[in-house]
Amino acid sequence: MKKRWTSLLLLAALLSLLALPVLADSDRELPLVCDTCGLLTEEQEEALNEKAEQYSAAYDCDIVLIVVPDTEGYDVETYTEEVYRYYSFGWGADRSGVILLLSMEERDYDLAAFGYGNTAFTDYGKEWLMDDVKPYLKKNDWNAAFSKYIDLCAEYLRKARDGRPVDSYGALDRLRGGFHLSLRAVVYALIAGLIAALVVNGILKSKMKSAVLASRADDYLAGDLQLGETDDRFLKKDVTRVRRDRGSGSGHGTSVRSSGFSHHSGKF
Amino acid sequence: MADRITNYQCPACTGPLHFDPVTGKLVCDYCASSYTVSEIEALYAAKDESAAQAAQASEAQTGPEGSPWSEAEAAGLKVYNCPSCGAELIYDQTTAATSCPYCGNPTIVPGELSGALRPDWVIPFKLTKEQAIAALKAHYRKKPLLPKLFSAQNHLEEIKGVYAPFWLYDGDTQGSATFHATKVRHWTEGRYDVTETSHYECYRSGALSFQRIPVDGSTKMPDEHMDAIEPYDFRELQPFSTAYLPGYIADKYDVDAQAAEDRARTRAEGSTVGAMQATVTGYASVTRERADIRYRRTALHYALLPVWLLSTQWNGKNYLFSVNGQTGKLVGDLPISRPKQLAWFFGTFAVVTALAALVFGVMFS
């Protein structure tokens, strides 16, 4: 493992020449986005780094992305923790951050959080985040995947800062979390009230009118339908996919290990 | 002018007879003797015939110009003298049986129901006037928008037992229809709900037969009411006899069979398409796209069917209710209380909006 870290360090030294002004205020020994497998072009990596730096500074939490060829025989979660510590990632005294590490040989990933990152990236939130990123990873659309990852991290951090980190909230949790009547809720409620009032009014009015012209003569049939030709022809097929609403998960919060990290890992 | 009229008299005391829907017999108003329809028919067969002939002869002799009632006739009215109290009465040209408004004597104008105008069948009244009124009271119940004072204050202006003229059409339909149908499958893929909708075009052809589709032949009877009080149980159709009529008003048709047939055709076509649609099974939804149905009449009958008409006034507006004189089914539009309607509207709106705000508030917070 030491060998790989050393190679990463050499890469870091090289990259640091390019990103010197940005890294000057940090004790990180690697840029936030570090692709050792050449998945990104230089320009793409630079742009992603810039975005990660910007969001990290805005929310006081490092958004890290590391791509390695393999995990040198270690499991992906241990390897991620070591990389995070060894290269001094993390913002502030509590080393807050979130890191996505991709191991290309086994196509393993690990999304880990530390410090304040454990508050912003709950177990449920990490799972949701990777659900959005994995489709791009599966298509080897690396730049889109990493860009999506950084954007989602920023969104999760913003929500956490607003006091509502992305998590699996049951109805009771939501009530305990405080009742806030948003404009959207008011508009929806008014529409629901109007529809219900119109429906009830329509039903009650229909009870007052019982005389209507008949359109059928079913009471006067003299036998069953003599069915002739029948032909059922297939025309076309439509498929719609709707993402399930949040809140269906069982537990919520973040499971933090004794190491101070929380993880969500799998294959892509 | 049909100035010869018949009122069935009790063979025992010569009092007027009327048809009793409970016993199905003709009952004397005075001595309470009762007679079966066939007994009275036999007794009056000859009298009916001669009365009809006399009515026709009278019309041929006098003619509209020579008649002292020519103006009334021009307006579609006829005149007769009540055989019981002698009152001179003017009645509608399409009325064949009625009661004297002065003495209540039930009378029949036989010329209006003989020859080509004679109905094939009649369904006798089974429902009494009291039962018809009770049906109306029951109709008022469980109507949250009904003005409170309507049922409390209104008084029935008029209650009439009417034998309404109906054309009964036997017919066949044949044709084809095309429907659009869908099958829907749901499953989940990870965090996604997937819905697959398969679309089909379903073609059906076939034939169907109908027996006795009723269409009322009187412009006096509202079509919506006559359709809505159906169905009649045609197993109880009786060969026509004027002996069923005393005590009720009987109209003759003023819409001929040709003119009324469009409604029978429309209904037969609707049922045929419906029957074809019922064979499109195994789908989540089926909607009609186009249909080509041909209707052919195979037989036509003329029948008198029993209807109780109840009319009332409220706030200067007439409200008419029709009751099937055989089954008791009642139809008729009721007035709507605006304050009650507004209270229900805003009450529902307020309650549902509050509950929805709670739910959406929790959901989106």
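Heads up: the sequence lines are chains P and F, in that order. Mind the numbering: the first sequence is residues 1 to 268 in our numbering, read in order. Mind the numbering: the second sequence is residues 1001 to 1365 in our numbering, read in order. Positions of the beta carbon are idealized from the N, C-alpha and C atoms, including for glycine. If you're wondering where the values come from, they're calculated on a predicted model, not measured in any experiment.
- Below 6 Å CB to CB, which residues in the same chain sit around F:Trp1308 once its five sequence neighbours on both sides are set aside? If we look at F:Trp1308 and ignore the five residues flanking it on each side, its Cβ neighbours are Ala1132, Gly1161, Val1323, Gly1325.
- From this set, F:Asp1120, F:Ile1159, F:His1186, which residue's C-alpha is nearest F:Ala1299's C-alpha? Ranking the options by Cα distance to F:Ala1299, first place goes to F:Asp1120.
- CA-CA distance, F:His1139 and F:Pro1147? Answer to the nearest angstrom: the Cα atoms are 13 Å apart.
- Starting from F:Ile1229 and walking both ways along the alpha helix (DSSP H), at which residues does that stretch end? Premise fails: F:Ile1229 is in no alpha helix (DSSP H) and is neither H nor E.
- Quick one: what does DSSP say F:Ala1072 is sitting in, helix, strand or coil? Per-residue confidence for F:Ala1072 stands at a pLDDT of 43, beneath the threshold of 50, marking its modelled position as unreliable; no derived number is given.
- From the DSSP output, which residues share a beta bridge with F:Gly1175? The partner list for F:Gly1175 (beta bridge, DSSP) reads F:Gly1206, F:Ile1293.
- Establish whether the CB of F:Pro1011 and some CB of chain P are separated by less than 7 Å. So no, F:Pro1011 is outside the interface.
- Item | Unbroken beta strand (DSSP E) run spanning F:Ser1033, endpoints | Per DSSP, F:Ser1033 is not a residue of any beta strand (DSSP E), being assigned neither H nor E.
- Query: Are F:Arg1212 and F:Leu1145 touching if we call contact CB-CB under 7 Å?
  - Reply: The Cβ atoms of F:Arg1212 and F:Leu1145 lie no closer than 7 Å to each other.
- Item | Whole-angstrom C-beta distance between F:Ala1357 and P:Ala185, which should lie under 8 Å | The Cβ separation is near 6 Å, so the contact holds.
- For F:Phe1210, I'd like the list of residues in its chain whose CB is within less than 6 Å of its CB, leaving aside the five on either flank, ordered along the chain. Taken in chain order, the residues that qualify are Gly1171, Ala1268.
- Alpha carbon to alpha carbon, how far is F:Leu1305 from F:Pro1165? Straight-line Cα distance between these residues: approximately 7 Å.
- Query: Mapping DSSP to helix, strand and coil, what is F:Leu1330?
  - Reply: In the three-state scheme derived from DSSP, where H, G and I count as helix and E and B as strand, F:Leu1330 is classed as strand.
- Message: Measuring only the C-alpha atoms, how far is F:Asn1318 from F:Arg1185?
- Response: Cα-Cα distance, rounded: 54 Å.
- Find the residues of chain P that neighbour F:Tyr1192, judging by a C-beta separation of less than 8 Å, and give them in chain order. In chain order: Arg241, Val242, Arg243, Arg244.
- Message: Please report whether the beta-carbon of P:Ala154 lies at a distance below 7 Å from any beta-carbon of chain F.
- Response: It does not; no Cβ of chain F falls within 7 Å.
- Query: What are the boundary residues of the beta strand (DSSP E) that includes P:Glu229?
  - Reply: Residues 226-243.
- How do the stretch 217-227 of chain P and the stretch 1273-1284 of chain F stand: do at least 3 beta-carbon pairs fall below 8 Å, yes or no? With three or more CB-CB distances shorter than 8 Å, the stretch 217-227 of chain P counts as touching the stretch 1273-1284 of chain F.
- Message: Between which two residues does the beta strand (DSSP E) holding F:Ser1322 run?
- Response: Here the beta strand (DSSP E) through F:Ser1322 covers 1317-1324.
- DSSP three-state assignment for F:Cys1028, whether helix, strand or coil: Strand at F:Cys1028.
- Check the Cβ-Cβ distances between F:Ala1074 and every residue of chain P, and say whether any is below 7 Å. Low confidence applies to F:Ala1074: its pLDDT is 44, below 50, so where it sits in the model is not reliable, and the reading given next is rough at best. Any Cβ of chain P closer than 7 Å to the Cβ of F:Ala1074 would place that residue at the interface, and such an atom is absent.
- Thinking just about the alpha-carbon of each residue, which of F:Cys1028, F:Ile1293, F:Ala1135 is nearest to the one in F:Thr1173? Out of F:Cys1028, F:Ile1293, F:Ala1135, F:Ile1293 has the C-alpha closest to the C-alpha of F:Thr1173.
- Task: Examine chain F for any beta-carbon lying closer than 7 Å to the beta-carbon of P:Asp25, and answer yes or no.
- Result: Below a pLDDT of 50, predicted positions are generally treated as unreliable, and P:Asp25, at 46, falls in that range; the measurement from the model is reported next regardless. It does not; no Cβ of chain F falls within 7 Å.
- Leaving aside the five residues before and after P:Leu101 along the sequence, list all residues of the same chain whose C-beta is less than 6 Å from its C-beta, in chain order. Around P:Leu101: Ile66, Thr80, Asp110.
- Query: Alpha carbon to alpha carbon, what distance is there between F:Val1351 and F:Glu1224?
  - Reply: Note on geometry: alpha-carbon atoms of F:Glu1224 and F:Val1351 lie some 36 Å from one another.
- Message: So, under 8 Å CB-CB, P:Tyr116 and P:Ser96 are touching, yes? Tell me the CB distance rounded to an integer number of Å.
- Response: The Cβ separation is near 4 Å, so the contact holds.
- At a Cβ threshold of 7 Å, is F:Phe1360 touching chain P? Contact of F:Phe1360 with chain P is assigned, a C-beta pair being separated by under 7 Å.
- Task: Starting from the beta carbon of P:Lys237, find every residue of chain F whose beta carbon is closer than 9 Å, and list them in chain order.
- Result: Glu1196, Thr1197, Ser1198, His1199, listed in chain order.
- Leaving out five residues on either side along the sequence, give the residues of the same chain with a beta carbon under 6 Å from the beta carbon of P:Ala120. Tyr156, Leu157, Ala160, Pro165.
- Query: List, in order along the chain, the chain P residues whose C-beta lies closer than 9 Å to that of F:Pro1144?
  - Reply: Result: Leu204, Lys207.
- Closer than 7 Å at the beta carbon, the chain F residues around P:Val186: Think of a sphere of 7 Å around the beta carbon of P:Val186: the chain F residues whose beta carbon falls inside it are Ala1357, in chain order.
- At a Cβ cut of 8 Å, what residues of the stretch 120-151 of chain P count as close to chain F, listed as they run along the chain? Contacts with chain F (Cβ-Cβ distance below 8 Å) from the stretch 120-151 of chain P involve Trp128, Asp131, listed in chain order.
- Message: If you reduce the DSSP assignment to three classes, tell me which class F:Ser1038 lands in.
- Response: In the structure shown, F:Ser1038 sits in a helix (DSSP, three-state: H, G or I).
- Query: In terms of residue numbering, what span does the alpha helix (DSSP H) encompassing F:Ser1271 cover?
  - Reply: Here the alpha helix (DSSP H) through F:Ser1271 covers 1257-1278.
- Once you ignore the five residues that flank P:Cys153 on each side, which residues in its own chain have a CB closer than 7 Å to its CB? Same-chain partners within the cutoff: Tyr55, Ile63, Val98.
- Query: If you compare alpha carbons, which of F:Gly1347, F:Thr1266, F:Leu1043 is closest to P:Val213?
  - Reply: One point to set straight first is that residue 213 of chain P is Leu, not Val, in the sequence displayed. Of F:Gly1347, F:Thr1266, F:Leu1043, the smallest CA-CA separation from P:Leu213 is found for F:Thr1266.
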